[in-house]
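J.:
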């Protein structure tokens with residue numbers, strides 16, 4: 002098949018955008034196979050609809066919107082719960098510091114998975130994909146104020162989920178991992 006115009010650009014940029022889209026899909030579903038399926042289905046839909054791409058500079062946002070809709074379709078078809086016990090954190094270092102870090106990562110993953118979909122989508126687009134509020138609003142077709150309030154609520158819920166009960170009742174510090 003010979004591709005022309007936007008379809009050719011999409012195909013060319015596929016390799017460079019795939020890791021970002023996969024990471025985003027995995028952050029939503031926590032399943033490598035489902036994440037790969039979401040990315041593949043997103044690429045197929047993007048190639049089919051390549052004539053709808055208006056601005057080549059916004060390819061990532063356009064692809065993300067397609068993947069958001071694909072994920073929502075997938076969620077409607079699938080009603081079973083996520084099994085966080087199946088999530089494996091890579092690493093073979095058994096040092097105390099690494100074990101603590103892996104435990105922190107696991108706790109953050111569990112906390113993010115507990116967020117409602119609409120909050121998880123906004124949080125991952127802003128903090129994982131580093132989209133601006135305006136890009137998230139455009140991608141999810143929401144007012145920017147809604148994006149900001151969902152992000153605020155999701156971060157507050159994460160703080161609540163990550164509160165550690167001990168004598169001084171401290172909060173685990175949230176940080177961006179890139």
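In this note's numbering, the protein residues as written are 2 to 179.
Ideal Cβ placement from N, Cα and C applies to all residues, glycine included.
#1: Between which two residues does the alpha helix (DSSP H) holding residue 123 run?
#2: Rounding to the nearest angstrom, what Cα-Cα distance links residue 8 and residue 71 in this structure?
#3: Do you know whose CA, among 32, 36, 66, 34, lies nearest residue 47's CA?
#4: If you follow the alpha helix (DSSP H) that residue 48 is part of, which residue opens it and which one closes it?
#5: Give me the residue from 19, 73, 116, 119 with the minimum Cα distance to residue 44.
#6: Which two residues bound the contiguous alpha helix (DSSP H) that contains residue 162?
#7: Three-state secondary structure (DSSP) at residue 52?
#8: Enumerate in chain order the residues of its own chain whose CB-to-CB distance from residue 149 is below 7 Å, with the five nearest sequence positions on each side excluded.
#9: With the cut-off set at 9 Å, would you say residue 40 and residue 61 are in Cβ contact?
#10: Where residue 109 and residue 54 are concerned, what is the direct C-alpha to C-alpha distance, given to the nearest angstrom?
#11: Taking the alpha-carbon of residue 69 as reference, which of 14, 137, 111 has the nearest alpha-carbon?
#12: Taking 9 Å as the cut-off, decide whether the C-beta atoms of residue 155 and residue 121 are in contact.
#13: Under the three-state reduction of DSSP, which class applies to residue 130: helix, strand or coil?
#14: Determine the direct distance from the alpha carbon of residue 14 to that of residue 159, and round the result to whole angstroms.
T.: Checking against the coordinates, here is how it stands:
#1: By 1-based counting over the chain shown, the position of residue 123 is 122. Start and end: 118 to 124.
#2: As a working note, residue 8 is residue 7 in the chain shown. As a working note, residue 71 is residue 70 in the chain shown. Their backbone Cα atoms lie some 19 Å apart in a straight line.
#3: For the purposes of this step, residue 47 is identified with residue 46 of the chain shown, where counting begins at 1. Here the closest residue by C-alpha is 66.
#4: Looking up residue 48 in the chain shown gives position 47. Per DSSP, residue 48 belongs to the alpha helix (DSSP H) from 33 to 49.
#5: As a position in the chain shown, residue 44 is number 43, starting the count at 1. Answer by Cα proximity: 19.
#6: In the chain shown, counting from the first residue as 1, residue 162 sits at position 161. Looking at the DSSP string, the run of the alpha helix (DSSP H) that includes residue 162 is 145 to 162.
#7: Start at 1 with the first residue of the chain shown, and residue 52 comes out as number 51. Helix.
#8: Taking the chain shown and counting its residues from 1, one reaches residue 149 at position 148. The residues are 134.
#9: What you label residue 40 is simply residue 39 of the chain shown in a count that begins at 1. What you label residue 61 is simply residue 60 of the chain shown in a count that begins at 1. It is not a contact, given that the beta carbons lie outside the stated cut-off.
#10: Position 108 of the chain shown, counting from 1, holds the residue named residue 109. Position 53 of the chain shown, counting from 1, holds the residue named residue 54. Taking the straight line from one Cα to the other gives about 35 Å.
#11: Taking the first residue of the chain shown as 1, we reach residue 69 at position 68. Comparing Cα-Cα distances from residue 69 to each of 14, 137, 111, the minimum goes to 137.
#12: As a first step, residue 155 is located in the chain shown; it is residue number 154 there, counting from the start. As a first step, residue 121 is located in the chain shown; it is residue number 120 there, counting from the start. For residue 155 and residue 121, yes; Cβs fall inside 9 Å.
#13: Residue mapping note: residue 130 aligns to position 129 of the chain shown, counting from 1. Note: residue 130 maps to coil in three-state DSSP.
#14: As a position in the chain shown, residue 159 is number 158, starting the count at 1. As a position in the chain shown, residue 14 is number 13, starting the count at 1. So the two alpha carbons sit approximately 34 Å from each other.
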